[in-house]
Amino acid sequence: MTRIVSPRLAAYAGLAATGLITGLATGRVELVALAAPFALAAVAGAALARDPAIEATLVLDRERALESEDVEAALELVSPGGSDRVEVLLQMPAELRSRARNPRAVRLAPGEPRTLTVPLRCERWGAFAVGPVLVRARDPLGFHSWETKLAGRSPLRVYPSVETLHALLPPFETQVFIGNQVSRTKGDGIEFADVREWEPGDRVRRVNWRASARRGGLWVNDQHPERNTDVVLFLDTFADVRSAGRGTLDLTVRAATSLAHRYLQRKDRVGLVSFGGYLSWLLPASGTHQLYRIVDSLLQMDIVLSFATKGVDVLPPRTLPPKALVLALTPLLDSRSAAALLDLRARGFDLVVIEVSPVPFIEPGKGELAELSYRLWRLSRESLRARYEQAGVPVIEWLDGVPLNVPLEEVAAFRRHARPARA
Amino acid sequence: MLAYAAARVPSLAGLVVAIGLLGALLLAFVLVRRADDLLPWALAVLAVAYTVSLFVHGAAVDQAAPLVAAGLLLCGELAAWSLDERHGMAAERAVVLRRALALGTLVLAGLGASAAVVAFTAASAGNGLAWTAVGAAAAVLVVGTAARLARRTA
Numbered sequence: 001m002t003r004i005v006s007p008r009l010a011a012y013a014g015l016a017a018t019g020l021i022t023g024l025a026t027g028r029v030e031l032v033a034l035a036a037p038f039a040l041a042a043v044a045g046a047a048l049a050r051d052p053a054i055e056a057t058l059v060l061d062r063e064r065a066l067e068s069e070d071v072e073a074a075l076e077l078v079s080p081g082g083s084d085r086v087e088v089l090l091q092m093p094a095e096l097r098s099r100a101r102n103p104r105a106v107r108l109a110p111g112e113p114r115t116l117t118v119p120l121r122c123e124r125w126g127a128f129a130v131g132p133v134l135v136r137a138r139d140p141l142g143f144h145s146w147e148t149k150l151a152g153r154s155p156l157r158v159y160p161s162v163e164t165l166h167a168l169l170p171p172f173e174t175q176v177f178i179g180n181q182v183s184r185t186k187g188d189g190i191e192f193a194d195v196r197e198w199e200p201g202d203r204v205r206r207v208n209w210r211a212s213a214r215r216g217g218l219w220v221n222d223q224h225p226e227r228n229t230d231v232v233l234f235l236d237t238f239a240d241v242r243s244a245g246r247g248t249l250d251l252t253v254r255a256a257t258s259l260a261h262r263y264l265q266r267k268d269r270v271g272l273v274s275f276g277g278y279l280s281w282l283l284p285a286s287g288t289h290q291l292y293r294i295v296d297s298l299l300q301m302d303i304v305l306s307f308a309t310k311g312v313d314v315l316p317p318r319t320l321p322p323k324a325l326v327l328a329l330t331p332l333l334d335s336r337s338a339a340a341l342l343d344l345r346a347r348g349f350d351l352v353v354i355e356v357s358p359v360p361f362i363e364p365g366k367g368e369l370a371e372l373s374y375r376l377w378r379l380s381r382e383s384l385r386a387r388y389e390q391a392g393v394p395v396i397e398w399l400d401g402v403p404l405n406v407p408l409e410e411v412a413a414f415r416r417h418a419r420p421a422r423a
Numbered sequence: 001m002l003a004y005a006a007a008r009v010p011s012l013a014g015l016v017v018a019i020g021l022l023g024a025l026l027l028a029f030v031l032v033r034r035a036d037d038l039l040p041w042a043l044a045v046l047a048v049a050y051t052v053s054l055f056v057h058g059a060a061v062d063q064a065a066p067l068v069a070a071g072l073l074l075c076g077e078l079a080a081w082s083l084d085e086r087h088g089m090a091a092e093r094a095v096v097l098r099r100a101l102a103l104g105t106l107v108l109a110g111l112g113a114s115a116a117v118v119a120f121t122a123a124s125a126g127n128g129l130a131w132t133a134v135g136a137a138a139a140v141l142v143v144g145t146a147a148r149l150a151r152r153t154a
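Line by line, the protein sequences give chains A and B.
Those letters in the first sequence? Residues 1 to 423, per the working numbering, in order.
Those letters in the second sequence? Residues 1 to 154, per the working numbering, in order.
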């Protein structure tokens, strides 16, 4: 531990020395009497200095939590010699909030372990490290202190909360593998699609006898097969607008987690593209492992400032498989992501844009000019939305506080009458 | 303490009060601006106010000097405690009690040491070169200790 001597100790010794010398020189015993308590304090301060040799262990009750949950950090302190005042500060990121006093001062009895519990509220998703613990011990009079960092860092992963989604967006086209999505095509399946005349090769059990009797020929049933789909979550991470601890990136990550969770539950393949200053992607895959991969990737999501011009060309082709439903979550603030999405549409991808609206996070400025610029900014956003709609891309504004089900339902209503895009 | 020093020398009460007020203002400045480096200077100025009254009053030994000394130490320690608590850290009751106990013990011990010094003057231990040498050696020891502590602090 690093020892720090209070300047007061030297000052007291100096006062005592001055008093003694002046008393000796002038022959006034009162000055010596005046110096005596300070000399005693200096000597006592020097004599009481003992390194408390504190050891600390930090344990979190779990390493994973959801947003808004509490995690309890148990900090065990022990000192062979004890200390009358030990100041403890548990270092933690701003996304975690201590629900107990932090820092706080406690007393350690000699050799007796003391456990301090610090409940931590996980206010935002992310991968964090709790600790180290900054410890400062003082002697009884505060003449000496010992400081050190103890206990290392304990990892804590806070996952975004998942919203319950009642319905998901079906893509226009399904893939060839078995899944839970009823395909629009006809083939072997359960869902009835149509009746048609018998053709050589049709199985007898597919004959619709009632229709055949009525029409005087063999008619068979057609079904819609159940297939899986490829969904690519396209996250625009060029910009984030924050206000009062909430922001568009938070909403984007929560929505992406909820969508990935539900699509993967449905046996679909889900991929992820983080399109921003720092480009990252996950190839579409299915299963629980993919959910973990996606969530871990989302925890690392951050805004990285970049002026580089980027297009969808920089993405590996396998990240955007043919017939995939591309669900873009974007605040529509950066022209690069807006252009990339239009490019995707031009390439024939089944694209849906969920606009994570930054409007609730932005206060219009005061004054005529500020209000005018705010109105112009809103108009430019509407103009961008109109461009997407002209290209046949549904753009749904999603406001903070509104359930994700609402924009999904709006998109579903839009797509009920839409046709697949052709390049 | 200031009132006592001023009351002892009515003729120069104004000077004593002025020096004492300067010390008090310096102490207030230390507490308000958390300038703990200036704390010894505030105590020194307060001690000077008392010293002036001592020299003006005459050669008689002031029997209340131990109380003044203990008061000065108490003043310094309370100010230092206040400065230590500047960050508003939550401290448990045992921590506060231990420091109060340590402070009280120190001030009482200081009062005792100071009273012993004054009491020794009443005893006729004799005088001469040997006593002067012992006194000088004690002073050198204290100054040496102070210098050593100052070097370690720096």
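For each residue, glycine too, the CB sits at the ideal point set by N, CA and C.
These numbers were taken from a predicted model, which means no experiment stands behind them.
- In this structure, A:V232 is the residue among A:V232, A:T288 and A:R246 with its C-alpha nearest to the C-alpha of L315 of chain A.
- Contacts between V118 of chain B and chain A, judged by CB atoms closer than 7 Å, involve V29 and A33 in chain order.
- Of the other Cβ atoms in all chains shown, fewer than 16 fall within 10 Å of the Cβ of V406 of chain A; this residue is therefore exposed.
- For chain B, the residues of the stretch 31-56 of chain A that bring a beta carbon within less than 8 Å of one of its beta carbons are L31, V32, A33, L34, A35, A36, P37, F38, A39, L40, A41, A42, V43, A44 and A46, in chain order.
- Residue pairing of N221 of chain A in beta bridges, as defined by DSSP: A:V195.
- Interface flag for L24 of chain A against chain B is set, since a Cβ pair is found closer than 7 Å.
- Counted as a single uninterrupted DSSP element, the stretch harbouring E163 of chain A is not any beta strand (DSSP E), since DSSP gives it neither H nor E.
- R104 of chain A has a beta carbon lying within less than 7 Å of a beta carbon in chain B.
- Annotation: the continuous beta strand (DSSP E) that includes H144 of chain A extends over H144 to L150.
- Rounded to the nearest angstrom, the gap between the Cα atoms of H57 of chain B and T148 of chain A is 52 Å.
- Across the structure, I190 of chain A and P225 of chain A are spaced so that their CA atoms are roughly 7 Å apart.
- One thing to note: V352 of chain A has its Cβ within 7 Å of the Cβ of L327 of chain A.
- By the C-beta criterion, the stretch 239-254 of chain A is judged to be in contact with the stretch 117-128 of chain A, since at least 3 inter-stretch pairs fall below 8 Å.
- Of all residues in the stretch 81-111 of chain A, only D84, R85, E87, R101, P103, R104, A105, V106 and R107 place a beta-carbon less than 8 Å from a beta-carbon of chain B.
- The straight-line gap separating the alpha-carbon atoms of L108 of chain A and V88 of chain A is approximately 12 Å.
- Ranked by Cα distance from V5 of chain A, the first of A:A46, A:P37 and A:D222 is A:A46.
- Considering only beta carbons, the part of the stretch 43-55 of chain B lying closer than 8 Å to chain A consists of L43, A44, A47, Y50, T51, L54 and F55, in chain order.
- Bounds of the alpha helix (DSSP H) holding D343 of chain A are S335 to A346.
- T330 of chain A and G142 of chain A have their alpha carbons spaced roughly 56 Å apart.
- Considering only beta carbons, the part of the stretch 108-140 of chain A lying closer than 9 Å to chain B consists of R138, D139 and P140, in chain order.
- Assigned with DSSP and collapsed to three states, D84 of chain B falls in helix.
- G20 of chain B places its beta carbon 7 Å or farther from that of L43 of chain B.
- Within the model, the alpha-carbon separation for S383 of chain A versus A73 of chain A is close to 50 Å.
- In the structure shown, N180 of chain A falls within a strand segment according to DSSP collapsed to helix, strand and coil.
- Of all residues in the stretch 142-159 of chain A, only G142 come within less than 8 Å of chain B when Cβ atoms are compared, listed by chain position.
- Residue state for V304 of chain A is assigned as coil, using DSSP reduced to three classes.
- Note on geometry: alpha-carbon atoms of I362 of chain A and A260 of chain A lie some 29 Å from one another.
- Against chain B, the CB of L77 of chain A has no partner CB under 7 Å away; the residue lies outside that interface.
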